[in-house]
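Counting from 0, one number per residue, gives the positions in the sequence shown under numbering that gives the first Met the number 0. Glycine is no exception: its CB is placed at the ideal position from the N, C-alpha and C atoms. One structure is given here, and the rest of the page talks about it.
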Amino acid sequence: MLLKTLKRTVGAALVAALGLGTAAYAEYPEKPITLVIPLGAGGSHDLNARVITSIIPQYLEQAMIVRLSPGAGGQKGTQEVANAAPDGYTLLFSHNYIDMLQQHVENLPYNPNEDFVPVARVNYAPIAVVVRGDSEFNTFQELVDAASANPG
Numbered sequence: 000m001l002l003k004t005l006k007r008t009v010g011a012a013l014v015a016a017l018g019l020g021t022a023a024y025a026e027y028p029e030k031p032i033t034l035v036i037p038l039g040a041g042g043s044h045d046l047n048a049r050v051i052t053s054i055i056p057q058y059l060e061q062a063m064i065v066r067l068s069p070g071a072g073g074q075k076g077t078q079e080v081a082n083a084a085p086d087g088y089t090l091l092f093s094h095n096y097i098d099m100l101q102q103h104v105e106n107l108p109y110n111p112n113e114d115f116v117p118v119a120r121v122n123y124a125p126i127a128v129v130v131r132g133d134s135e136f137n138t139f140q141e142l143v144d145a146a147s148a149n150p151g
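What follows is the structure, given as structure tokens:
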């Protein structure tokens, strides 16, 4: 019986806390939201962002702006978002290069692990298997064959 009462109390507290959080952010968004694309015009990111920004305002009752900010392999636009106020009005619209490629770039003006948090997946894209240029593998089948011949 005590466990049942405790569960109800904790559940009620959580519901109340969630309600307070919603009330605190009830006015968001109060101004247009900018999607920064760290790539050039006409690519899949640009096209996807244009579709999204044509639909989302119906639900948010606020405009969404697409801003292209290419340069330095995506670093220019990414840095722009890293330097923006953390208020939810400047969002990075990009692929997972922050997770994969930028981990290997020295002296970035931002920390890919600490300055960004993924909040939504927009679509799915093919994944590539990549090896170093001087690798002994030239095809995926060669890689599979080597792994099969050397398990573990």
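Next on the checklist: Beta-carbon within less than 6 Å of K75's beta-carbon, same chain only, minus the 5 sequence neighbours each way: which residues are those?
Outcome noted: For the purposes of this step, residue 75 is taken as the residue at position 76 of the sequence shown. If we look at K75 and ignore the five residues flanking it on each side, its Cβ neighbours are S68.
Checklist entry - What's the C-alpha gap between A127 and Q140? => result By 1-based counting over the sequence shown, the position of residue 127 is 128. By 1-based counting over the sequence shown, the position of residue 140 is 141. Their backbone Cα atoms lie some 14 Å apart in a straight line.
Item to check | Through-space distance from H94 to G72, alpha-carbon basis | outcome: On the sequence shown, position 73 is the one that residue 72 refers to. On the sequence shown, position 95 is the one that residue 94 refers to. Answer to the nearest angstrom: the Cα atoms are 12 Å apart.
Item to check | C-alpha distance - E29 paired with Q61, whole-angstrom precision | outcome: Taking the sequence shown and counting its residues from 1, the one referred to as residue 29 is at position 30. Taking the sequence shown and counting its residues from 1, the one referred to as residue 61 is at position 62. Near 7 Å, if we compare the C-alpha coordinates of Q61 and E29.
Next on the checklist: Using beta carbons (cut-off 9 Å, strictly below), is V130 in contact with chain C?
Outcome noted: You won't find chain C in this structure, because it holds only one protein chain.
Checklist entry - From N122 to S134, what distance separates their C-alpha atoms? => result The count along the sequence shown starts at 1 and reaches residue 122 at position 123. The count along the sequence shown starts at 1 and reaches residue 134 at position 135. Answer to the nearest angstrom: the Cα atoms are 31 Å apart.
Next on the checklist: With H, G and I counted as helix, E and B as strand and the rest as coil, what does DSSP make of V50?
Outcome noted: For the purposes of this step, residue 50 is identified with residue 51 of the sequence shown, where counting begins at 1. Helix.
Checklist entry - With a CB to CB cut of under 6 Å and the five nearest residues on each side skipped, what residues in its chain are close to R130? => result Residue numbering aside, residue 130 sits at position 131 when the sequence shown is read from its first letter. Checking the sequence, you will find Val at residue 130 rather than Arg. Taken in chain order, the residues that qualify are F136.
Checklist entry - Taking the beta strand (DSSP E) that L90 falls in, what are its first and last residues? => result Working through the sequence shown from its first residue, we reach residue 90 at position 91. For L90, the enclosing beta strand (DSSP E) starts and ends at T89 to L91.
Checklist entry - L90: which of L34, H44, E26 and P150 sits nearest, CA to CA? => result Residue numbering aside, residue 90 sits at position 91 when the sequence shown is read from its first letter. Here the closest residue by C-alpha is L34.
Checklist entry - Looking at the structure shown, is L59 part of a helix, part of a strand, or coil, going by DSSP? => result Here the question's residue 59 lines up with position 60 in the sequence shown. It is helical.
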